[in-house]
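Participant: Below: one structure in structure tokens.
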Amino acid sequence: MSAWATQSWRLFRHELKRGELTIIALALIIAVASVFSLSGFSAQIKSALIQQSNSFIAADRVLQSSRPVEEKYLNKADEMGLQHAQLLQFSSMVFGGDDMVLASVKAVSNGYPLRGSLLVATPDDQNQLSVGSVAPPKQGSAYVGQSLLNNLNLNIGDRFELGNSEFTISGVIDKEPDASFSVFTSGPRVMIHVDDVPATDIVQPGSRLTYKYLFAGDAIVEYSEWAKPQILETQRFRDIKDQQSPLANALNRAESYLSLASMLGIILAAVAVSVASRRYGQRHQPMVAVYKSIGASASFISKLYLLHWGALAGFSILVGLIIGYGIQYLGIQFMADVVPGVSLTVSAYPVLVAVFTGVICAVAFAITPLRQLIATPAISVIRGFAGFERAQSWLERTPPLLAVVLLLWLFSQDLLLTTALMLGAGAIIFTILVLGHVLINAGRSVGSQAGQAFHLSMANLKRRAKANQVQLVSFTIAIQLLLLMLVVRNDLINEWQAQLPQNTPNQFLVNVSQTQVPAVEEFLHTQGLAASDLYPIVRGRLSAINEEQVRRRVSKEEEDASEQGRRGIGRELNLTWHQKLPSENEVIAGQWFNQDNPKPEVSVEQKLAERLQVSVGDELTFQIGSETVSMPVTSIRTVNWQSMQPNFYMIFSESVLADFPATYIAAIYVPALQKTEFQTFLQDYPTISIIDVDAIINQLRTVISQVSLAVEFILILVLIAGALVLVAQVQASMEERERELAILRTLGAKGSLLANSVLLEFVILGALAGLLGSLSMEIGVFILQTQVFDMSAAIHWQYWLLGTVLGAVIVGALGMASCYRLLKLSSLTLIRRTL
Numbered sequence: 001m002s003a004w005a006t007q008s009w010r011l012f013r014h015e016l017k018r019g020e021l022t023i024i025a026l027a028l029i030i031a032v033a034s035v036f037s038l039s040g041f042s043a044q045i046k047s048a049l050i051q052q053s054n055s056f057i058a059a060d061r062v063l064q065s066s067r068p069v070e071e072k073y074l075n076k077a078d079e080m081g082l083q084h085a086q087l088l089q090f091s092s093m094v095f096g097g098d099d100m101v102l103a104s105v106k107a108v109s110n111g112y113p114l115r116g117s118l119l120v121a122t123p124d125d126q127n128q129l130s131v132g133s134v135a136p137p138k139q140g141s142a143y144v145g146q147s148l149l150n151n152l153n154l155n156i157g158d159r160f161e162l163g164n165s166e167f168t169i170s171g172v173i174d175k176e177p178d179a180s181f182s183v184f185t186s187g188p189r190v191m192i193h194v195d196d197v198p199a200t201d202i203v204q205p206g207s208r209l210t211y212k213y214l215f216a217g218d219a220i221v222e223y224s225e226w227a228k229p230q231i232l233e234t235q236r237f238r239d240i241k242d243q244q245s246p247l248a249n250a251l252n253r254a255e256s257y258l259s260l261a262s263m264l265g266i267i268l269a270a271v272a273v274s275v276a277s278r279r280y281g282q283r284h285q286p287m288v289a290v291y292k293s294i295g296a297s298a299s300f301i302s303k304l305y306l307l308h309w310g311a312l313a314g315f316s317i318l319v320g321l322i323i324g325y326g327i328q329y330l331g332i333q334f335m336a337d338v339v340p341g342v343s344l345t346v347s348a349y350p351v352l353v354a355v356f357t358g359v360i361c362a363v364a365f366a367i368t369p370l371r372q373l374i375a376t377p378a379i380s381v382i383r384g385f386a387g388f389e390r391a392q393s394w395l396e397r398t399p400p401l402l403a404v405v406l407l408l409w410l411f412s413q414d415l416l417l418t419t420a421l422m423l424g425a426g427a428i429i430f431t432i433l434v435l436g437h438v439l440i441n442a443g444r445s446v447g448s449q450a451g452q453a454f455h456l457s458m459a460n461l462k463r464r465a466k467a468n469q470v471q472l473v474s475f476t477i478a479i480q481l482l483l484l485m486l487v488v489r490n491d492l493i494n495e496w497q498a499q500l501p502q503n504t505p506n507q508f509l510v511n512v513s514q515t516q517v518p519a520v521e522e523f524l525h526t527q528g529l530a531a532s533d534l535y536p537i538v539r540g541r542l543s544a545i546n547e548e549q550v551r552r553r554v555s556k557e558e559e560d561a562s563e564q565g566r567r568g569i570g571r572e573l574n575l576t577w578h579q580k581l582p583s584e585n586e587v588i589a590g591q592w593f594n595q596d597n598p599k600p601e602v603s604v605e606q607k608l609a610e611r612l613q614v615s616v617g618d619e620l621t622f623q624i625g626s627e628t629v630s631m632p633v634t635s636i637r638t639v640n641w642q643s644m645q646p647n648f649y650m651i652f653s654e655s656v657l658a659d660f661p662a663t664y665i666a667a668i669y670v671p672a673l674q675k676t677e678f679q680t681f682l683q684d685y686p687t688i689s690i691i692d693v694d695a696i697i698n699q700l701r702t703v704i705s706q707v708s709l710a711v712e713f714i715l716i717l718v719l720i721a722g723a724l725v726l727v728a729q730v731q732a733s734m735e736e737r738e739r740e741l742a743i744l745r746t747l748g749a750k751g752s753l754l755a756n757s758v759l760l761e762f763v764i765l766g767a768l769a770g771l772l773g774s775l776s777m778e779i780g781v782f783i784l785q786t787q788v789f790d791m792s793a794a795i796h797w798q799y800w801l802l803g804t805v806l807g808a809v810i811v812g813a814l815g816m817a818s819c820y821r822l823l824k825l826s827s828l829t830l831i832r833r834t835l
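Per the UniProt record's numbering, the very first residue in the sequence shown carries number 1; after that it's consecutive.
This is how it looks when you write it as structure tokens:
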């Protein structure tokens, strides 16, 4: 073994035994362990949440088309070992006895559903109805909704006509896993076997059909990557998160919360590595100077320390992976009871990302300290090292900055979230540098009067102004991220939860006729049920904008990204009128309708207005039946599409639509104890349909509670990383403090004065860091609320006081704990240690 390799190995073993590598090793270990555990833990939680929610689309992925797809899609699924099933949906008249009704028909193949359960009430041996999970209906039979039985006055066992075929009713649908939650779905449900469709002769050229192909299995991701590039513009390939429903929004937000919480831990671990790397370089400067004074070349020293650093990084990465696995195991056990389906499975991705993180941290944060270390001159043995370290240029600061950005993007795959965090960090550093300059000037006025502990502490802050700015940045980032984590846990998730209060509507009344409105309103009032207004529905088509004909010009990408019900400009829209601005709507341009001066006018939802490129004052023309109506746009609205309320793209003044025939809808909260009375009331009005959204609301609340618990676990890791940053930064100034204490003791300073000045110095630094951390946290939260989570911005004053007090207490306590041993040493001992 060469001399430099032997020396490097000896140095590594020696320092490892003496504990001199503790801080830097811990920083790297926590960075690797955090990424490994958090990426694995978050991935498992996300996967379990999505797996639970996939039952709402009855599959892992759905391929939707207006015509049958090519056989290659099914053949590829078979080849990859995936399950698949087929649906065909259309509307058709159903005849029973002397009555008829327009029904929503779903024809399903064997194997449906691939996820979730189809619950149907069927007669048992005692001819009593019992609800259970069943297979698709057999050929010649059908499952139907209760409203169809009410409309046609039929019972289980009776027959009805659909097209040219007759079907026997074999059960009443209690719950479809992929039931539409659209309040505009027309007609009661009829479910038949897909092989019965040809005999009905309903499917004819020009028929309005929706084909859905369901896929599920372990290889679904690989299948998705194969299928997506091949789908046509008339097709959509989606998963539960592409639904643009409240549940999809909740799952996407859950991913963002978990990613954000994990990214905060990664940033803190990276900061700890940065601080510890700088300290590593400073501590080895005397050794390098000695090596050079006895004739060691720069090449020898470079090889020695590169190997030494490589051994340290390799050791830390290995230990970090082991600890990360243990943390991930504990996290999965912690969540096992509240997130069914979560399990500890280690994939290659978290391991590779963790190793890559360790390598990036070891390289990017060590480049500048190692360069400065290797450049240490031999004369430093005589002159000392106090004035040797030079300020870093912007070029030298670039690798750590790029490393952090790369790590965040690599971990989250979310450019918006990464950008939001980095903008917040940039605002912090700029603010700290400005206030650091103010601190230096303030120190000059009081630093010369060092007779008291406060004045001495201010003099020390002034004397180490540049070093204190570095400490201030680290302290502030640590406190800011810890506060941000608390805000995510306590405020943002609570605000998310508040969007689903206990009286959130869980039933929708649909197809209420004009003559039924008084009876419905009286029932709701008598029962004391919380309900939205009854909204009239008129079907119409936008035909012209400013007398210019509207053309359908939606690309495949826009089609996939569009929100539900917004997939074609030329299609029919659900139009309504309302005199008052609905709740969850806000006018952002123009004015709402003037009730004192009624006139034809329309209010347009913001995103649809942007898509149509219309603004206040433009004239819209609609085709309603055989008539054409025109009116100006008088307001643009934002709409909370995630609220469980009837929402509309177009709302008209009453004078526009009042003469057109309309049906009404309303959202209602029906407590469990009142559902019997509710069902009894509806039996007298068989044409009224209900849509039960209890299942999706319960799943939304489940997602929120599970994410909340997961974030609590991640908070523990973030606290550990934050504590390490604080300890590493305090330790970085210990050698300089030894020299100061030695001089002050020699000049006769009392121990109490020195102890109080050190305590005040750290308390002032901590309080300032806490205040700045609170300010920067507020900036970060504002960006997250408005740009990432689509929430209204709010100021969190309570955290400003908490951040300032916690900063003063924690930094003050850590500083005193680190300096306590030095304060107890005698003057002679301190002088000997500094020579």
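Note that CB positions come from ideal geometry on N, CA and C, so glycine has one too. Values in this document were obtained by computation on a predicted structure and should not be read as measured data.
(1) If distances are taken between C-alpha atoms only, which option among GLY217, ILE294, GLY812, ILE429 comes closest to GLY766?
(2) Looking at C-beta atoms only, is the number of pairs between the segment 760–777 and the segment 476–492 that lie closer than 8 angstroms three or more?
(3) When the distance is taken between beta carbons, is PHE160 closer than 8 angstroms to SER141?
(4) Scan the segment 25–91 and note each continuous beta strand (DSSP E) run of 3 residues or more that stays entirely inside, going in chain order.
(5) Helix, strand or coil, according to DSSP, for ASN511 in the structure here?
(6) Taking just the CA atoms, how far does ILE429 sit from TRP9?
(7) Please report the Cβ distance between LEU119 and SER104, rounded to the nearest whole angstrom; I am assuming they are in contact, meaning their Cβ atoms lie under 8 angstroms.
(8) Nearest by alpha-carbon distance to ILE322: which of LEU741, VAL32, VAL727 is it?
(9) With DSSP as the reference, identify every bridge partner of LYS106, one or two as the case may be.
(10) Rounded to whole angstroms, how far is the Cβ of SER643 from the Cβ of ALA453, which I believe are closer than 8 angstroms?
(11) Kindly indicate which residue of ASN150, ALA5, ARG279, ARG208 has the alpha-carbon position closest to the one of ALA27.
(12) Straight-line CA distance for SER705 to THR234?
(13) Where do the N-terminal and C-terminal ends of the alpha helix (DSSP H) with TYR213 fall, by residue?
(14) Here's a check: name, in chain order, each residue in its chain whose Cβ is nearer than 6 angstroms to the Cβ of PHE713, leaving out the five neighbours to either side.
(15) May I have a chain-ordered list of the alpha helix (DSSP H) segments no shorter than 4 residues that lie completely inside the segment 639–693?
(16) What are the boundary residues of the beta strand (DSSP E) that TRP577 is part of?
(17) Tell me, please, which residues DSSP counts as bridged to THR628.
(18) Is the CB-CB distance between GLY324 and PHE36 below 8 angstroms?
(19) Roughly how many angstroms separate the alpha carbons of LYS599 and VAL587, rounded to a whole number?
(20) With distance defined between alpha-carbon atoms, name the residue in LEU472, SER474, ARG67 nearest to SER207.
(21) Looking at the unbroken beta strand (DSSP E) that takes in PRO582, where does it start and where does it end?
(22) Across which residues does DSSP place ALA544 in a beta bridge pair?
(23) Which same chain residues, not among the five before or five after ALA227, have their C-beta less than 6 angstroms away from its C-beta?
(24) Applying the criterion that 16 or more other CB atoms from any shown protein chain within 10 Å of the CB defines a buried residue, is HIS14 buried or exposed?
(25) Comparing C-alpha positions only, which one of VAL62, LEU673, LYS76 sits nearest to LEU87?
(26) Looking at the secondary structure, which residues open and close the beta strand (DSSP E) in which VAL809 lies?
(27) Given a cut-off of 8 angstroms, decide if GLU584 and ASN640 are closer than it, judged by their beta-carbon atoms.
(28) Using three-state DSSP, classify GLY132 as helix, strand or coil.
(29) To the nearest angstrom, how far is it from the Cα of SER655 to the Cα of LEU232?
(30) Using only the alpha-carbon positions, how far apart do ILE30 and LEU38 sit?
(31) Taking SER91 and LEU102 to be in contact with their CB atoms under 8 angstroms, please state how far apart those CB atoms are, rounded to whole angstroms.
(32) Output the distance between the C-alpha atoms of TYR799 and THR702, rounded to the nearest integer angstrom.
(33) Find the nearest neighbour of residue 853 within the set ILE668, VAL512, HIS578, judged by alpha-carbon distance.
(34) Could you say which of GLN527, PHE56, SER34, GLY217 lies nearest to THR676 if we only look at CA atoms?
(35) Taking C-beta to C-beta, are PHE762 and LEU312 nearer than 8 angstroms?
(36) Is the CB-CB distance between VAL288 and THR376 below 8 angstroms?
Facilitator: Taking the definition as stated:
(1) GLY812
(2) yes
(3) no
(4) 61–65
(5) strand
(6) 38 angstroms
(7) About 18 angstroms separates the two Cβ atoms, so there is no contact after all.
(8) VAL32
(9) GLN89, MET191
(10) Going by Cβ atoms, the distance from SER643 to ALA453 rounds to 58 angstroms, so no, they are not a contact pair.
(11) ARG279
(12) 38 angstroms
(13) Note, TYR213: premise wrong, no alpha helix (DSSP H); beta strand (DSSP E) at 210–216.
(14) GLY331, PHE334
(15) 654–657, 675–683
(16) 572–577
(17) GLN623
(18) yes
(19) 18 angstroms
(20) ARG67
(21) First-last for PRO582: undefined, no H or E at that position.
(22) GLN549, THR621
(23) PHE237
(24) exposed
(25) VAL62
(26) Segment 797–824 is the alpha helix (DSSP H) holding VAL809; no beta strand (DSSP E) there.
(27) yes
(28) strand
(29) 42 angstroms
(30) 11 angstroms
(31) 6 angstroms
(32) 28 angstroms
(33) Only positions 1 to 835 of the chain appear in the structure, and residue 853 is not among them; the question remains open.
(34) GLN527
(35) no
(36) yes
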